[in-house]
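Right, one structure below, let's go through it.
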Amino acid sequence: MKGGYKMRKKFLLLTVIAMLVPQVSFANEKTQGLEGLLGKVKAKIEVPKAFTEFNYNQSGEDYRFIWQDQEGKQGSLYVECESDGDILSYRLNLYHTSDSTLAKIDWETGKAKAESFLNQVVPEYAKALVLRERTAPSSDYDYTYVYDLYHEGVKVFNQVIYVNVNKQTGEIKSFSGIDFSERTYNANQPKITLEQAEVGYLKQVGLPALYKTYYDWKTEEKSSFLVYKLQNGERKGIDAATGALVVHYKNEDNELYKEATTEESQSVTAKNDSGASGLTPSERKAVEETKGLLSVEVILDKVAKHFPRVKSATVSRNNLYKQKEIYIRQIVLKDEVNKTNVSLTVDAKTAEIENYYFWSSTSPETAEYHWSEKEAASFLSQVAPQQFKETKLIEDEYTNEDMTTTNYYYGRLVNHLLVDGEGLSITYDQRLGEVTSYSKNWSQMSFKSPEGMMSKENAVKNIGLELVYMETSEDVYRLAYTTRETYMLLDAFNGKEVDYSGKVMEEEAQKFYTDLKGHPKEALIKKLFDSGIYLKGEKLKPDLPISEEDFLNLLCQVTQGYKPDENENVSGWYKEVTGKATLDKQQTLTREKSVYDMISATPYKKIASISELYVYPFEDKQYDEALKGHISVAYGLKLIQKDKTGLFRPKDKLTRAEALEMMYYLLLSTETE
1 MKGGYKMRKK
11 FLLLTVIAML
21 VPQVSFANEK
31 TQGLEGLLGK
41 VKAKIEVPKA
51 FTEFNYNQSG
61 EDYRFIWQDQ
71 EGKQGSLYVE
81 CESDGDILSY
91 RLNLYHTSDS
101 TLAKIDWETG
111 KAKAESFLNQ
121 VVPEYAKALV
131 LRERTAPSSD
141 YDYTYVYDLY
151 HEGVKVFNQV
161 IYVNVNKQTG
171 EIKSFSGIDF
181 SERTYNANQP
191 KITLEQAEVG
201 YLKQVGLPAL
211 YKTYYDWKTE
221 EKSSFLVYKL
231 QNGERKGIDA
241 ATGALVVHYK
251 NEDNELYKEA
261 TTEESQSVTA
271 KNDSGASGLT
281 PSERKAVEET
291 KGLLSVEVIL
301 DKVAKHFPRV
311 KSATVSRNNL
321 YKQKEIYIRQ
331 IVLKDEVNKT
341 NVSLTVDAKT
351 AEIENYYFWS
361 STSPETAEYH
371 WSEKEAASFL
381 SQVAPQQFKE
391 TKLIEDEYTN
401 EDMTTTNYYY
411 GRLVNHLLVD
421 GEGLSITYDQ
431 RLGEVTSYSK
441 NWSQMSFKSP
451 EGMMSKENAV
461 KNIGLELVYM
471 ETSEDVYRLA
481 YTTRETYMLL
491 DAFNGKEVDY
501 SGKVMEEEAQ
511 KFYTDLKGHP
521 KEALIKKLFD
531 SGIYLKGEKL
541 KPDLPISEED
551 FLNLLCQVTQ
561 GYKPDENENV
571 SGWYKEVTGK
581 ATLDKQQTLT
591 REKSVYDMIS
601 ATPYKKIASI
611 SELYVYPFED
621 KQYDEALKGH
631 ISVAYGLKLI
641 QKDKTGLFRP
651 KDKLTRAEAL
661 EMMYYLLLST
671 ETE
């Protein structure tokens, strides 16, 4: 027995060893693989010495390396790479860094650092990357350099690399966008010209003309404007060899702009503008307006002609509110027996149905009914006869996966053009054999005549079609014409790009001024420009007088952190600074008035207004006594200086270059307090 026990013990020991050996071997291989991979990565990047703690995770063939300091107080470095050491992305987070707005390195120096990094990290691609034109500089803490990958002089579509460089230190903050997939390029020369591609795009993709609508929350008015609408989320293009339609192999998951179509509801309650007994005029007006409103019972009788479900349900909620000049009644009904709910919105004076929605907790499992386009049209012609006459069916019929509902949408037409987002929609449940949802989106507003619109053939020239290498099947690229943007609105009369409100969008690109070479203040103004503080335009015209509007524009950028055209409430700030209710946009500024405006935008405004506390610090004979305190404070803060003769020249006009110089020293003073 003892011998048998020893035999079994020995056998078990050998078995355990046999099981452990391959695992240990595998672990060693994995350790050696990780060590080699780390060596490859660290040969391309520099890990801060303080980041002594290391961790990693793996997903398939991709690795994510994380370095940080022991106490987690200084920051972290994230690097994502492939198993062969190719770096996919890089992100450096440093805590307690300078939050200065003034750039310590210029754009050109940052660009050199970005390209040096690319030569280290992706040397095989660096020469094929082309930097995009610089967009308008921002006051962010980093420069962003955007590169497109090119092959034999042609852009490779959707291969965009981003490098962020810190404006203070020149450190690379992030890198992303590279794709190391092996690509096969179709070498066929383009046979289709850009002009032919534009014609093909119009025929095969389209560029519809339509009305867009915009609701102004300030004025509570809705307006419309005519546009040509580019919508190319699927990334369609025109084959440069054949003229056929092609689609990008990997559809991008872009989030297109969606406009809100709801309007602000107003309270029915009128303001009490009289302390006398009885009804005030506004109360009397409200009473008169509501005299013609239909009762809930009458409304439900009218609605039941189209939606009989309301007959068997009981009202559980009933709200009345005013939307613009129309009273709306919202009714919710419940049928406890059949376990159903109905939500209903109607015009309280006419019982015209705005929205209807039916929900049931129990429904048949199979679809036993069918509803055709003809039946949908017949139904809508009864529910909204006038509106239905002014619609057309949008050929985008959708049936859900289990084939239980059918949806139809009829877009609103004005002057034979669609009104984007407005129309009649309807859902038919094939299990229940009835309409379960109906909606009417139909605004009252004026529409501009399409007379004088530019042709589609001219409009398509403004959508940015360009020749690129497009991936049309996995890792296979062929020459095609497509658009860089997925969504764009063009003014239908002049072809300029407009925003969601119909306002013409300004060019993003803003190069440094062309008329400052050799100017005494060139370096200072360039530093402000790189910091995102500037006046728009190709030329600065440095020695011309600055307008009060432009001066306040600069002052707003420095003290508020935004440009006036980015904030609708800036008029209140203007008034607070200048003391004026209205602003003369062409009015130029004296040097002393500019100092008043500048100090009024700082916390020193009140103390500066007590002029008797101050002694005028310059040799000028004439100056505004009321502004003496503001000038003295500005001088004390080193925002303004004496000229060679000890003068400030308060009555002289302030030039545009001098205004930027003041902004520089104001910004410098706030960062050294």
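Residues 1 to 673 in this note's numbering are what the sequence shown lists, from first letter to last. Note that beta-carbon positions come from the ideal geometry of N, C-alpha and C, so glycine has one too.
Test item: CB-CB of residue i and residue j under 8 Å
i: Y141; j: V165; result: no
i: L639; j: F618; result: no
i: D347; j: S312; result: no
i: L77; j: K173; result: no
i: N232; j: T472; result: no
i: Y408; j: L432; result: no
i: A367; j: M403; result: yes
i: E53; j: Q74; result: no
i: R591; j: P542; result: no
i: A523; j: L226; result: no
i: G200; j: M470; result: no
i: S455; j: S139; result: no
i: Y90; j: F175; result: yes
i: W359; j: Y428; result: no
i: I525; j: M488; result: no
i: E198; j: L465; result: yes
i: K389; j: A351; result: no
i: V122; j: Y145; result: no
i: K155; j: V468; result: yes
Whole-Å CB distance - residue i paired with residue j, under 8 Å assumed
i: S437; j: I426; result: 7 Å
i: S611; j: E625; result: 6 Å
i: T678; j: G170; result: This structure does not reach residue 678, given that the chain is present from 1 up to 673, and the question cannot be answered.
i: K593; j: I599; result: With 8 Å as the limit, K593 and I599 do not qualify as a contact, their Cβ atoms being about 11 Å apart.
i: K527; j: A103; result: 6 Å
i: N494; j: P450; result: Not a contact, Cβ separation roughly 14 Å.
i: E354; j: K440; result: 5 Å
i: L654; j: L589; result: 5 Å
i: L34; j: G85; result: Their Cβ separation, rounded to whole angstroms, is 11 Å, which puts L34 and G85 out of contact at 8 Å.
Span separating the alpha-carbon of residue i from that of residue j
i: D550; j: R656; result: 9 Å
i: L131; j: A112; result: 12 Å
i: I192; j: T184; result: 21 Å
i: A509; j: E457; result: 26 Å
i: E264; j: G579; result: With a pLDDT of 34 at E264, under the threshold of 50, the predicted position of this residue should be treated as unreliable, and no value is reported.
i: T582; j: N553; result: 15 Å
i: A514; j: L660; result: In the sequence under discussion, the amino acid at residue 514 is Thr, which differs from the Ala named in the question. Roughly 16 Å between the two C-alpha positions.
i: L516; j: K539; result: 8 Å
i: Q58; j: E115; result: 29 Å
i: N272; j: E288; result: Confidence at N272 is low in this model, with a pLDDT of 40, below 50, so its placement is unreliable and no value can be given for it.
i: E373; j: V160; result: 45 Å
i: E576; j: Y357; result: 50 Å
i: K127; j: H151; result: 10 Å
i: E182; j: D475; result: 7 Å
i: P564; j: K644; result: 35 Å
i: S100; j: H630; result: 25 Å
i: Q68; j: Y56; result: 12 Å
i: Q168; j: G561; result: 18 Å
i: G206; j: K229; result: 9 Å
i: K628; j: K642; result: 15 Å
i: I326; j: S295; result: 15 Å
i: V298; j: F379; result: 21 Å
i: L245; j: Q204; result: 7 Å
i: S632; j: Y596; result: 11 Å
i: G177; j: L88; result: 7 Å
i: Y665; j: Q120; result: 38 Å
i: R412; j: Q382; result: 17 Å
i: E124; j: P545; result: 52 Å
According to DSSP, residues forming a beta bridge with residue i
i: R64; result: N57 and E80
i: A480; result: D239 and V468
i: Q323; result: I326
i: S223; result: Y214
i: E434; result: D429
i: M488; result: L230
i: Y357; result: S343 and S437
### Query
If we count Cβ pairs, one from each stretch, closer than 8 Å, do we get three or more for the stretch 492-504 versus the stretch 198-215?
yes
#### Entry: Segment contact, 8 Å Cβ cut-off, at least three pairs: the stretch 304-321 with the stretch 339-355
yes
### Query
Are the stretch 411-431 and the stretch 186-205 touching by the rule of at least three beta carbon pairs closer than 8 Å?
no
### Query
Using 8 Å as the Cβ pair cut-off and three pairs as the minimum, do the stretch 463-482 and the stretch 232-242 touch?
yes
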